[in-house]
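Contents: one structure, followed by commentary.
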Amino acid sequence: MRSATSSTSLFTVSVNLHGTSVERRSVSSDRLVGRFGYGKYLGDGTERLLKLLEAHQISATFFVPIREAELHPFLIEELIQRGHEIAANGYELEDHSKLGEKEKDVIKRTHEALSSRLGKSVAGWRAPYGMVSEHTRDYLAEIGFSYDSSFQDDDHPYIVATGKKHLVEIPQNQMLMDQTLFGMRQTDGRVFTNWVEEFDGLQSEGCYGCMTLHPRSDYGIGRASRIMMLDRFFKHLKRIPGAVMFRTCAEVAQDLAFK
Numbered sequence: 489m490r491s492a493t494s495s496t497s498l499f500t501v502s503v504n505l506h507g508t509s510v511e512r513r514s515v516s517s518d519r520l521v522g523r524f525g526y527g528k529y530l531g532d533g534t535e536r537l538l539k540l541l542e543a544h545q546i547s548a549t550f551f552v553p554i555r556e557a558e559l560h561p562f563l564i565e566e567l568i569q570r571g572h573e574i575a576a577n578g579y580e581l582e583d584h585s586k587l588g589e590k591e592k593d594v595i596k597r598t599h600e601a602l603s604s605r606l607g608k609s610v611a612g613w614r615a616p617y618g619m620v621s622e623h624t625r626d627y628l629a630e631i632g633f634s635y636d637s638s639f640q641d642d643d644h645p646y647i648v649a650t651g652k653k654h655l656v657e658i659p660q661n662q663m664l665m666d667q668t669l670f671g672m673r674q675t676d677g678r679v680f681t682n683w684v685e686e687f688d689g690l691q692s693e694g695c696y697g698c699m700t701l702h703p704r705s706d707y708g709i710g711r712a713s714r715i716m717m718l719d720r721f722f723k724h725l726k727r728i729p730g731a732v733m734f735r736t737c738a739e740v741a742q743d744l745a746f747k
């Protein structure tokens, strides 16, 4: 999918809303302390990110595990009220490559649970940690999702044929993920430089950019200093008026589906 015009680049800010659902995969609730407590940063990190997005007038796509939506219903309501898209990120951050015969049912329950909470059919899905099976896309299309954003295999969104239906794939960019670089304990300055270089390269060829953030304090963007760095990055993207068009994943998928 090429940019809207020869001089405009499409860019999406996506957020994996991972709080204590990450820690709960391996420990019980009474052990969510100490080194298992990073997920408790979700509220502060998300609020900082929301304020920055509002300041830059950017609507983002928040990928939410159902378990996180159950734990933080008021946060989901706030995201909706602020005009952000809500998409699915599994039920409890399952590894879909290992679910086998249970996978279709898990995806169906995920779609139904989030659609019920939103009051409308949820459009998008992202595999927890990018782990999928050979049947995942077929199940997504059959159950009612219109797009997936799990892969990192292209610089443009594309359409996937799945039986009698089609599914839009909106690839992420690994070098535009906070977890990729902060997970290696990169400094804020080094991450900023990497993001600028990656975006400038994409823009030079009219490619699509999908950034993925996490409002956590360990590998995510949630710390105050990192939010300041993200502010600088957004200003870089907007340094030339009209050069970047910010779109949610649903908007990108809809645009491609109707071409």
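Note that the sequence shown covers residues 489 to 747 in my numbering. Note that CB positions come from ideal geometry on N, CA and C, so glycine has one too.
(request) Pick helix, strand or coil for Thr646, following the three-state DSSP scheme. (result) As a first step, residue 646 is located in the sequence shown; it is residue number 158 there, counting from the start. As written in the sequence, residue 646 is Tyr, which differs from the Thr given in the question. Correct three-state label for Tyr646: strand.
(message) Less than 6 Å between C-beta atoms, sequence neighbours within five positions excluded: which residues of the same chain meet that for Gly571?
(response) Within the sequence shown, numbered from 1, the residue matching residue 571 stands at position 83. Closer than 6 Å at Cβ, skipping near neighbours: Ser547.
(message) I need the straight-line Cα distance from Val679 to Met672, nearest angstrom please.
(response) The residue labelled residue 679 in the question sits at position 191 within the sequence shown. The residue labelled residue 672 in the question sits at position 184 within the sequence shown. For Val679 and Met672, the distance between alpha carbons rounds to 10 Å.
(message) According to DSSP, is Cys737 part of a helix, a strand, or is it coil?
(response) Position 249 of the sequence shown, counted from the first residue, corresponds to residue 737. Helix, per DSSP.
(message) Residues in the same chain with beta-carbon distance under 7 Å from Arg714, minus the five sequence neighbours each way, listed in chain order, please.
(response) The residue you call residue 714 lines up with position 226 of the sequence shown. Correct list, in chain order: Asp676.
(request) Give every residue of the same chain whose Cβ lies closer than 6 Å to the Cβ of Val503, excluding the five residues on either side of it in the sequence, and list them in chain order. (result) Indexing the sequence shown from 1 puts residue 503 at position 15. Closer than 6 Å at the Cβ level, and outside the excluded window around Val503, lie Ala548, Phe550, Leu701.
(message) Please classify Gln667 as buried or exposed, where buried requires at least 16 other C-beta atoms within 10 Å of its C-beta.
(response) To locate residue 667, count along the sequence shown from 1; it is residue 179. Residue burial is scored here from C-beta neighbours: Gln667 has at least 16 other C-beta atoms within 10 angstroms and is therefore classed as buried.
(request) Give the C-beta separation of Arg555 and Ser514 to the nearest angstrom, bearing in mind that I take them to be a contact with Cβ-Cβ under 8 Å. (result) Residue mapping note: residue 555 aligns to position 67 of the sequence shown, counting from 1. Residue mapping note: residue 514 aligns to position 26 of the sequence shown, counting from 1. About 14 Å separates the two Cβ atoms, so there is no contact after all.
(request) Leaving aside the five residues before and after Asn682 along the sequence, list all residues of the same chain whose C-beta is less than 7 Å from its C-beta, in chain order. (result) On the sequence shown, residue 682 is found 194 positions in, with the first residue counted as 1. So the list reads Met663, Leu669, once near-sequence residues are dropped.
(message) What does DSSP give as the partner residue(s) for Val515 in the beta ladder?
(response) Stepping through the sequence shown from its first residue, residue 515 is reached at position 27. None, per the DSSP bridge assignment.
(message) If contact is defined by three or more beta carbon pairs under 8 Å, each pair taking one atom from either stretch, is the region 531-542 in contact with the region 705-719?
(response) yes
(request) Return the chain-ordered ranges of every alpha helix (DSSP H) run that is complete within the region 499-568 and spans a minimum of 4 residues. (result) As far as the region 499-568 is concerned, its whole alpha helix (DSSP H) runs of at least 4 residues are 530-543, 554-559.
(message) Please report the straight-line C-alpha distance between Val501 and Leu520, rounded to a whole angstrom.
(response) Walking along the sequence shown from the start, residue 501 turns up at place 13. Walking along the sequence shown from the start, residue 520 turns up at place 32. Approximately 29 Å, taken between the alpha carbons.
(request) May I ask you to report which of helix, strand or coil DSSP gives Ala615? (result) Within the sequence shown, residue 615 is the residue found at index 127, counting from 1. Three-state DSSP puts Ala615 in coil, outside helix and strand.
(message) So, for Pro553: in the same chain, excluding its five sequence neighbours on each side, which residues have a beta-carbon less than 6 Å away from its beta-carbon?
(response) What you label residue 553 is simply residue 65 of the sequence shown in a count that begins at 1. Contacts found: Ser509, Asn577, Gly578, Leu581.
(message) For the region 559-571 against the region 623-632, do three or more pairs of beta-carbon atoms, one drawn from each stretch, fall closer than 8 Å, so that the two count as touching?
(response) no
(message) In the DSSP assignment, the alpha helix (DSSP H) including Ala601 goes from what residue to what residue?
(response) Along the sequence shown, read from residue 1 onward, the residue named residue 601 stands at position 113. Looking at the DSSP string, the run of the alpha helix (DSSP H) that includes Ala601 is 591-606.
(message) Let me check understanding here. Comparing Cα to Cα, which of Met717, Ile647, Thr650, Asp641 lies closest to Gln674?
(response) Mapped onto the sequence shown, residue 674 falls at position 186. Nearest C-alpha to Gln674: Met717.
(message) Three Cβ pairs or more, each shorter than 8 Å: is that satisfied between the region 608-621 and the region 734-747?
(response) yes
(request) Take the Cβ of Asp429 as the centre, count every other Cβ of all protein chains shown within 10 Å, and call the residue buried at 16 or more, exposed below. (result) An answer regarding residue 429 cannot be provided, because it is not within the stretch 489 to 747 covered by the chain.
(request) Would you tell me roughly how many angstroms separate the C-alpha atoms of Phe639 and Pro659, rounded to the nearest one? (result) Here residue 639 refers to the residue found at position 151 when the sequence shown is read from its first residue. Here residue 659 refers to the residue found at position 171 when the sequence shown is read from its first residue. When rounded, the distance between both Cα atoms is 5 Å.
(request) Name, in chain order, the residues that DSSP records as bridge partners for Ala576. (result) Locating residue 576 in the sequence shown gives position 88, where the first residue counts as 1. Answer by DSSP bridge pairing, in chain order: Val552, Trp613.
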